[in-house]
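K.L.:
First, the structure itself, so that you have it in front of you.
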Amino acid sequence: MSPGAAQPLLLGVRHHGPGSARSVRAALDAAQPRAVLIEGPPEGDALLALAAEPDMRPPVALLAHAADDPGRAAFWPLASFSPEWVALRWAQARDVPVRFIDLPAAHTLAEGPRADEDDGGAGSVPVDPLTALAGAAGYDDPERWWEDVVEHRDADSAPDPLAPFAALAEAMGALRETHGDGGRPGDLVREAYMRQRMRAARREFGADYAVVCGAWHVPALRARTTAAADRALLTGLPRTKVETTWVPWTHRRLARAGGYGAGITSPGWYAHLFAAPDRPVERWLTKVAGLLREEDRQVSPAHVIETVRLARTLAALRGRPLPGLTETLEAVRAVMCDGSDVPLALIEDRLVVGDVLGEVPGTAPAVPLQRDLTRRMRTLRLKAEAQSRDLELDLRKDTDAAKSLLLHRLRLLGVDWGAPTASRTGTGTFRETWRLCWEPELSVRVAEAGIWGTTVPGAATARAEAEARGAGELGEITALAERCLLAGLSEALPAVLRALADRAALDTDVARLAGALPALARSLRYGDVRGTDASALGTVAAGLAERICVALPAACAAGLDADGAAALRGHVDGVHGAVALLTDTDPGLRERWSGVLRTLAGRDAVPGAIRGRAARLLLDGGRLPAEETARLMGLALSPAAAPADAAGWIEGFAGGNAGGGTLLVHDERLLGLIDTWLVSVPPDAFVDVLPLLRRTFGAYEPGVKRSLGELVRRGPGAGRARSASRAAPEGFAPDLDPARADAAEALARLLLAAAG
949 MSPGAAQPLL LGVRHHGPGS ARSVRAALDA AQPRAVLIEG PPEGDALLAL
999 AAEPDMRPPV ALLAHAADDP GRAAFWPLAS FSPEWVALRW AQARDVPVRF
1049 IDLPAAHTLA EGPRADEDDG GAGSVPVDPL TALAGAAGYD DPERWWEDVV
1099 EHRDADSAPD PLAPFAALAE AMGALRETHG DGGRPGDLVR EAYMRQRMRA
1149 ARREFGADYA VVCGAWHVPA LRARTTAAAD RALLTGLPRT KVETTWVPWT
1199 HRRLARAGGY GAGITSPGWY AHLFAAPDRP VERWLTKVAG LLREEDRQVS
1249 PAHVIETVRL ARTLAALRGR PLPGLTETLE AVRAVMCDGS DVPLALIEDR
1299 LVVGDVLGEV PGTAPAVPLQ RDLTRRMRTL RLKAEAQSRD LELDLRKDTD
1349 AAKSLLLHRL RLLGVDWGAP TASRTGTGTF RETWRLCWEP ELSVRVAEAG
1399 IWGTTVPGAA TARAEAEARG AGELGEITAL AERCLLAGLS EALPAVLRAL
1449 ADRAALDTDV ARLAGALPAL ARSLRYGDVR GTDASALGTV AAGLAERICV
1499 ALPAACAAGL DADGAAALRG HVDGVHGAVA LLTDTDPGLR ERWSGVLRTL
1549 AGRDAVPGAI RGRAARLLLD GGRLPAEETA RLMGLALSPA AAPADAAGWI
1599 EGFAGGNAGG GTLLVHDERL LGLIDTWLVS VPPDAFVDVL PLLRRTFGAY
1649 EPGVKRSLGE LVRRGPGAGR ARSASRAAPE GFAPDLDPAR ADAAEALARL
1699 LLAAAG
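In the numbering used here, the protein residues as written are 949 to 1704.
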């Protein structure tokens, strides 16, 4: 400010501090300024009136993003206990002019740094003022010091409501004399702009106005500077066009763990302190008891009384005026949680941090895509919630199918509101389970996706077509085709299929072809389930499968190393599963694929891991007799075979998720072959194959390993001999009864059909 000018009312605060918020309200009531200036981007002035709307419920955030690049965005969050929000609502309730005075977002976003990473106040500068002041007062925890001197202070009954701000300004002045800008030179530019806005307010209101800002800025705003010096600091700043709106925010995103620079450790606790009219500890512990009872823990009123008594005792022993969060949680752990940290972690997550999600009026500015999304959410009764929850969908129901389409389309647009997860109620192609959690950043993702269209289906279609044109790998296009079918984007399929056919025709790498086929097979399956016409995919998938059948044997015999053989073995598994889904499209495909597997299983030039896997797939499919399987195993494990190749054969045949352990338990002949080979491996070679064998047999279930150990202990074949020498158990016939088996098969088919 200029020399000799009268000073306005400067209220230095800690952002999101309930004690600061109460003190600001008391100071404004006492001073009754003609205008209120608040630290925040001036572009938000046009949106301030929305804060008075009944539908506006904090926590909310002012969002600013570059008009030509919505990904460059910044948030200015406000909670009900934020001093800035209290000052804003105080001014609106009294028709007092209120304005934002921080450096415009047009400059901030043009330079690159995000405003939500810089609170301009106590907690964000490298030299932390709270830590320094707490240390000077003899505290090792700045949060505890702040609670004692600010949060536990009764601002409404204080004789001088302005005294705390004067004391805090004096302390900050001493710190800035020592540390200057505190290691954040950008603050000097911000403070120069704030002083310019204060000069404009002086010309309009005189000195009778109040400024609510981070306490760190108060000494700089009170400094004697000239307008010319401030203009020099602001000259030449880059600028970009920005758009602003209000978006919902969450308590979890106010927490430091969420990455917000001006975050606090306990937003739920602070919200309670601000809202509790009296006896905050007792009211808080009542909430804790209610939460624990919801989780079926036995918590009585006597527990609450004893917890209050213990918290007060701890505060008295530590010389604190009232129990803080530390004492309260320690008392809860000891009394209500029986010393366990498990229920305490739930309390910290649900109550200390919390999942409160704010609301903004429908009249707030928004891109057309956001408005369309909001309308669809309302129609489908999908509510944005900060707390993660599971959504079970039955795709045979129209409403559930529409919800699934919306969520898949949003994922294709990069708006990951929901993530598919395993169902807890059943399986089947007609079921989907989504885990929903709305994060404030999704508002930015919606704004970014707005460049693709004004409606969710239109934008998702345009995005899919663009991705198909720019895809570099065949696997990317097949995955995109699957996503288009899941999202019901039939209009995007022609462009995706053209790109798919072009890429498949040019690609000669059998591994990439094999990696792409499973997604196409799943796409055909989902197209049938969702009623989407995916017949055009059948032609592409059939051609792809035919090329794989022709090229795969040669590719497997092309001198693969261990890693290459393992990768190709995984592709064999994928193609085998895809063939099972494509038999309706091409009935002869299964026979051709079985021929490929027989070729792989019997060709010595193919690595052992792939030969063993091919033999196992043929055996499971009933296309390789047990005698032939034993012959192939005997050849693979003969003394002439290299130990490493033989171990690879076992890994392919009985390893991974193949259920090979169960097979060996029930077919002691195969187990005998492996046992005979194993004991014949020379000692020097055994050391080389041991890691692979341990990986193969170590993956078996404990019960399977116990059974195999028992069989090996008594000798393979002994169990079979004993079984043959004694009669069948009581109630069981020696041979299978075809009539009873047919009846059981019919019942099993009926149950599976009912399960979807």
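Here a beta-carbon is modelled for each residue, glycine too, at the ideal position from N, C-alpha and C.
In the DSSP output, which residue or residues are listed as bridge partners for Thr1193?
P.N.:
Position 245 of the sequence shown, counted from the start, is the residue given in the question as residue 1193. The partner list for Thr1193 (beta bridge, DSSP) reads Leu1011.
K.L.:
How far does the alpha helix (DSSP H) with Phe1153 in it extend, from its first residue to its last?
P.N.:
Indexing the sequence shown from 1 puts residue 1153 at position 205. Segment 1134-1153, the alpha helix (DSSP H) holding Phe1153.
K.L.:
Considering only residues of the same chain and omitting the five flanking positions on each side of Ile1253, which have a CB-CB separation below 6 Å?
P.N.:
For this step, residue 1253 is matched to residue 305 along the sequence shown. Nothing meets the Cβ criterion.
K.L.:
What residue does the alpha helix (DSSP H) around Gly1651 start on, and which one ends it?
P.N.:
One-based indexing of the sequence shown puts residue 1651 at position 703. Looking at the DSSP string, the run of the alpha helix (DSSP H) that includes Gly1651 is 1650-1662.
K.L.:
Any heavy atom of the ligand GDP inside 6 Å of the beta-carbon of Ala1263?
P.N.:
Here there are no bound small molecules, and the ligand GDP is not part of this structure.
K.L.:
According to DSSP, what are the bridge partners of Glu1307?
P.N.:
Your numbering for residue 1307 matches position 359 in the sequence shown. According to DSSP, which records beta bridges pairwise, Glu1307 is partnered with Arg1005.
K.L.:
Compute the Euclidean distance between the alpha carbons of Ala1264 and Arg1227, then round it to the nearest angstrom.
P.N.:
Here residue 1264 corresponds to residue number 316 of the sequence shown, with the count starting at 1. Here residue 1227 corresponds to residue number 279 of the sequence shown, with the count starting at 1. Going from the Cα of Ala1264 to the Cα of Arg1227 covers about 17 Å.
K.L.:
Taking all protein chains shown into account, decide if Gln955 is buried (16 or more other Cβ within 10 angstroms of its Cβ) or exposed.
P.N.:
In the sequence shown, residue 955 corresponds to position 7, counting from 1. The residue is exposed, with fewer than 16 neighbouring Cβ atoms inside 10 Å.
K.L.:
Should the stretch 1293-1304 be regarded as contacting the stretch 1119-1130, the criterion being three or more beta carbon pairs within less than 8 Å?
P.N.:
No, they do not touch.
K.L.:
For Val961, list the residues DSSP reports as bridge partners.
P.N.:
The sequence position of residue 961 within the sequence shown is 13, counting from 1. Paired residues: Gly1162.
K.L.:
Would you list the residues sitting across from Leu1339 in a DSSP beta bridge?
P.N.:
The residue labelled residue 1339 in the question sits at position 391 within the sequence shown. Answer is Trp1382, bridged to Leu1339.
K.L.:
How do the stretch 1333-1352 and the stretch 1313-1322 stand: do at least 3 beta-carbon pairs fall below 8 Å, yes or no?
P.N.:
These segments do not touch.
K.L.:
Would you kindly work out how many angstroms separate the C-alpha atoms of Ala1696 and Ala1528, rounded to a whole number?
P.N.:
The sequence position of residue 1696 within the sequence shown is 748, counting from 1. The sequence position of residue 1528 within the sequence shown is 580, counting from 1. Rounded to the nearest angstrom, the two C-alpha atoms are 20 Å apart.
K.L.:
Is the distance from the Cβ of Gly988 to the Cβ of Asp1050 below 7 Å?
P.N.:
For the purposes of this step, residue 988 is identified with residue 40 of the sequence shown, where counting begins at 1. For the purposes of this step, residue 1050 is identified with residue 102 of the sequence shown, where counting begins at 1. The answer is yes: Cβ separation under 7 Å.
K.L.:
Is it a yes or a no for the stretch 1154-1169 touching the stretch 990-997, going by three-plus beta-carbon pairs under 8 Å?
P.N.:
Judged by Cβ distances under 8 Å, the stretch 1154-1169 makes no contact with the stretch 990-997, as fewer than three pairs qualify.
K.L.:
Name the residue from Ala1168, Asp1156, Ala1114 whose alpha carbon lies nearest to the alpha carbon of Asp1135.
P.N.:
Position 187 of the sequence shown, counted from the first residue, corresponds to residue 1135. Cα-wise, what sits closest to Asp1135 is Ala1168.
K.L.:
Taking just the CA atoms, how far does Asp1685 sit from Glu1693?
P.N.:
Counted from its first residue, the sequence shown places residue 1693 at position 745. Counted from its first residue, the sequence shown places residue 1685 at position 737. Distance between the alpha carbons of Glu1693 and Asp1685: 12 Å.
K.L.:
For Leu1116, which residues of its own chain have a beta-carbon under 8 Å away from its beta-carbon, when the five flanking residues on both sides are left out?
P.N.:
If you number the sequence shown from 1, residue 1116 lands on position 168. The residues are Gly960, Ala1163, Val1166.
K.L.:
Below 7 Å between beta carbons: does that hold for Glu1275 and Leu1292?
P.N.:
Along the sequence shown, read from residue 1 onward, the residue named residue 1275 stands at position 327. Along the sequence shown, read from residue 1 onward, the residue named residue 1292 stands at position 344. Their beta carbons are not under 7 Å apart, which means Glu1275 does not touch Leu1292 by this criterion.
K.L.:
Please state the DSSP three-state secondary structure of Trp1334.
P.N.:
Residue numbering aside, residue 1334 sits at position 386 when the sequence shown is read from its first letter. A small fix is needed here, since residue 1334 is Ala in this sequence, not Trp. Here Ala1334 sits in coil by DSSP.
K.L.:
When the distance is taken between beta carbons, is Glu1296 closer than 7 Å to Val1256?
P.N.:
The residue you call residue 1256 lines up with position 308 of the sequence shown. The residue you call residue 1296 lines up with position 348 of the sequence shown. Not in contact: Val1256 and Glu1296 (Cβ atoms no closer than 7 Å).
K.L.:
Could you tell me the distance, in whole angstroms, from the CA atom of Ala1590 to the CA atom of Gly1522?
P.N.:
Here residue 1590 refers to the residue found at position 642 when the sequence shown is read from its first residue. Here residue 1522 refers to the residue found at position 574 when the sequence shown is read from its first residue. Straight-line Cα distance between these residues: approximately 28 Å.
K.L.:
Which same chain residues end up closer than 7 Å to Asp1690 when comparing Cβ atoms and leaving out the 5 residues on each side of it in sequence?
P.N.:
Sequence index remark: in the sequence shown, residue 1690 carries index 742 (1-based). Contacts found: none.
K.L.:
Exposed or buried, what is Arg1200 when buried is set at 16 or more other beta-carbons lying within 10 Å of its beta-carbon?
P.N.:
Numbered from its first residue, the sequence shown carries residue 1200 at position 252. Buried, since its Cβ has 16 or more Cβ neighbours within 10 Å.
K.L.:
By a C-beta neighbour count over all protein chains shown, 10 Å radius and 16 as the cutoff for buried, is Gly1646 buried or exposed?
P.N.:
Here residue 1646 refers to the residue found at position 698 of the sequence shown. Classification of Gly1646: exposed, given that the 10 Å Cβ count is below 16.
K.L.:
Taking the beta strand (DSSP E) that Trp1024 belongs to, which residues open and close that run?
P.N.:
One-based indexing of the sequence shown puts residue 1024 at position 76. Residues 1017-1026.
K.L.:
If you count every other CB in all the chains shown that lies within 10 Å of the CB of His1614, and 16 or more means buried, which is it?
P.N.:
Locating residue 1614 in the sequence shown gives position 666, where the first residue counts as 1. When all chains shown are included, His1614 counts as exposed.
K.L.:
Do you know offhand how far Ser1673's Cα is from Leu1700's?
P.N.:
Walking along the sequence shown from the start, residue 1673 turns up at place 725. Walking along the sequence shown from the start, residue 1700 turns up at place 752. In this predicted model, Ser1673 has a pLDDT of only 44, less than 50, meaning its place in the structure is not dependable; the value taken from the coordinates is given anyway. Straight-line Cα distance between these residues: approximately 38 Å.
K.L.:
Can you grab the Cα-Cα spacing for the pair Pro1031 / Arg1037, in whole Å?
P.N.:
By one-based count along the sequence shown, residue 1031 stands at place 83. By one-based count along the sequence shown, residue 1037 stands at place 89. So the two alpha carbons sit approximately 10 Å from each other.
K.L.:
How long is the line joining the alpha carbons of Ala1419 and Ile1425, rounded to whole angstroms?
P.N.:
Residue 1419 sits at position 471 when you count from the first residue of the sequence shown. Residue 1425 sits at position 477 when you count from the first residue of the sequence shown. One C-alpha to the other measures close to 6 Å.
K.L.:
Pairs of beta-carbons, one from the stretch 1375-1395 and one from the stretch 1019-1029, closer than 8 Å: are there three or more?
P.N.:
Contact holds: three or more Cβ-Cβ distances are below 8 Å.
K.L.:
According to the Cβ coordinates, are Lys1351 and Leu1328 closer than 7 Å?
P.N.:
Numbered from its first residue, the sequence shown carries residue 1351 at position 403. Numbered from its first residue, the sequence shown carries residue 1328 at position 380. A contact, by the Cβ cut-off of 7 Å.
K.L.:
Distance, Cα to Cα, Leu1705 vs Gln1335?
P.N.:
This structure leaves residue 1705 out entirely; the chain is present only between 949 and 1704.
K.L.:
Could you spell out the range, first to last residue, of the beta strand (DSSP E) harbouring Ile986?
P.N.:
In the sequence shown, the residue the question calls residue 986 occupies position 38. 984-986 is the extent of the beta strand (DSSP E) around Ile986.
K.L.:
Which residue comes first and which comes last in the alpha helix (DSSP H) that contains Arg1564?
P.N.:
Counting from 1 along the sequence shown, the entry for residue 1564 is found at position 616. Note, Arg1564: alpha helix (DSSP H), 1556-1568.
K.L.:
Compute the Euclidean distance between the alpha carbons of Gly1306 and Pro1405, then round it to the nearest angstrom.
P.N.:
By 1-based counting over the sequence shown, the position of residue 1306 is 358. By 1-based counting over the sequence shown, the position of residue 1405 is 457. For Gly1306 and Pro1405, the distance between alpha carbons rounds to 27 Å.
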